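Count along the sequence shown starting at 1, add 20, and that's the number in our numbering. From the three backbone atoms N, C-alpha and C, an ideal C-beta is built for every residue, glycine too. Bear in mind that the values here come from a model prediction, so they are computed numbers and not experimental data.
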Amino acid sequence: MGNTQHSVTVIGLGPMGQAMAGAFLDRGYDVTVWNRTASRADDLVARGAVLAPTVKDALAANELVILSLTDYDAVYATLEPAESALAGRVLVNLSSDTPEKARAAARWADERGAVQLTGGVTVPPSGIGQAESSTFYSGPRDVFDRHRPALEVITGRTDHRGEDPGLAALMYQIGMVMFWTSMLSYWQAIALADANGLKAADILPHAVETAHSLPGFFSFYAERIDAGRHAGDVDRLAMGTASVEHVLHTNADAGVDTTLPATLVELFRRGMDAGHAADSFSSLVELMKK
């Protein structure tokens, strides 16, 4: 097995896995790689990586194993045939999935003598290897601390959220909740602009300015929500409902898809029906809670 302080195995060579393996090569690590489609390793092998012929060989090569697969089902499909080689390995599972599946996978690894560190990378492949990029981790703190120098190769910032293996997956999914919904709202704005003869470039400055205003709203409402305060002293749900209805009607008049704005109107109307008309629209969070 390779020098545990300066060697690593990367399993899964999609764009993210390739970027990670490349970052380790750039930092002088001995890198072993495996991918179901072996040709994806060609460029990395040309740079000095070793292509393992089997998953078992890839696991045997190093203590530290980076998993960059589509989801946890793919993790099991990849590792189960090589279970006998898992003992003593640290599996840094950067595959995206739910917190519950992360916890189950950690138990599965433990039963086979391995340790899982769950990871949630917050940047696309282009951000791998960058000092300002960040990854959430959770799992055994001592294992995290021991391998932190290697983890900092992937992203310069590493945020250990606790021993619970599900916490890193939770933080990652919280980010995805906001990312996908925000990007869809941008697509909606572009569709509305297009229906009115405008290009994405025409609305870009306004879209960016609107996005930049959001952090102030996040901070303002976080304190009030944690305190359970939804007083209508700054805004009222009734006013917000009128606004989202105007958004819906504007999109409908333009003939563009109204799935997203109609969903917003439905949620606002539920808040009105629950008696929150005079409260802040932050009261909607109470409807959305468990």
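Cβ distance (whole Å) where residue i is taken to contact residue j below 8 angstroms
| i | j | result |
| --- | --- | --- |
| T30 | S88 | The sequence given here has Val at residue 30, not Thr. Indeed they touch by this definition, with Cβ atoms about 7 angstroms apart. |
| I86 | V143 | The Cβ separation is near 15 angstroms, so there is no contact. |
| L84 | V110 | 5 angstroms |
| T278 | L287 | Contact flag wrong, Cβ pair sits at about 14 angstroms. |
| L71 | A81 | Going by Cβ atoms, the distance from L71 to A81 rounds to 11 angstroms, so no, they are not a contact pair. |
| T138 | A188 | 4 angstroms |
| V276 | A211 | 4 angstroms |
| A134 | A97 | Actually they are not in contact, since the Cβ atoms of A134 and A97 sit about 16 angstroms apart, beyond 8 angstroms. |
Closest by C-alpha distance to residue i, when choosing among the options
| i | options | result |
| --- | --- | --- |
| L114 | T52, G217, T74 and F156 | F156 |
| S263 | D246, R289 and Q38 | R289 |
| R67 | T283, R47 and A102 | R47 |
| D91 | G140, G217, M203 and M308 | G140 |
| A294 | G275, K310, A258 and S59 | A258 |
| K76 | V95, L99 and T57 | L99 |
| P145 | G37, E265, T270 and M308 | G37 |
| Q150 | R161, A129 and E172 | E172 |
| R56 | T74, G236 and I174 | T74 |
| G260 | E103, Y192, S104 and H296 | H296 |
| S104 | A129, D93 and K121 | A129 |
| M198 | A221, D63 and P235 | P235 |
| F164 | Y49, R256 and Q136 | Q136 |
| L307 | E152, G248 and F240 | G248 |
Residue(s) in a DSSP beta bridge with residue i
| i | result |
| --- | --- |
| Q136 | L111 |
| R177 | S154 |
| V141 | T155 |
| V53 | V30 and L71 |
| V85 | T29 and L111 |
Status (buried if at least 16 other CB within 10 Å, exposed otherwise) for residue i
| i | result |
| --- | --- |
| D314 | For residue 314 there is no data in the structure shown, the boundaries of the chain being 21 and 310. |
| G291 | buried |
| I194 | exposed |
| T230 | exposed |
| V65 | exposed |
| V112 | buried |
| W200 | exposed |
| P35 | exposed |
| L204 | exposed |
| H232 | exposed |
| W207 | exposed |
| S302 | buried |
| A170 | buried |
| V228 | exposed |
| P101 | exposed |
| G32 | buried |
| V305 | exposed |
| T175 | buried |
| A69 | buried |
| P281 | buried |
| K121 | buried |
Cβ pair residue i, residue j closer than 8 angstroms
| i | j | result |
| --- | --- | --- |
| A213 | I148 | no |
| V51 | A41 | yes |
| E131 | G159 | no |
| L127 | G186 | The sequence shown places Arg at residue 127, rather than the Leu named in the question. Not a contact, by the Cβ cut-off of 8 angstroms. |
| R177 | S202 | no |
| V95 | A125 | yes |
| A215 | A251 | no |
| P119 | L190 | yes |
| H180 | R161 | yes |
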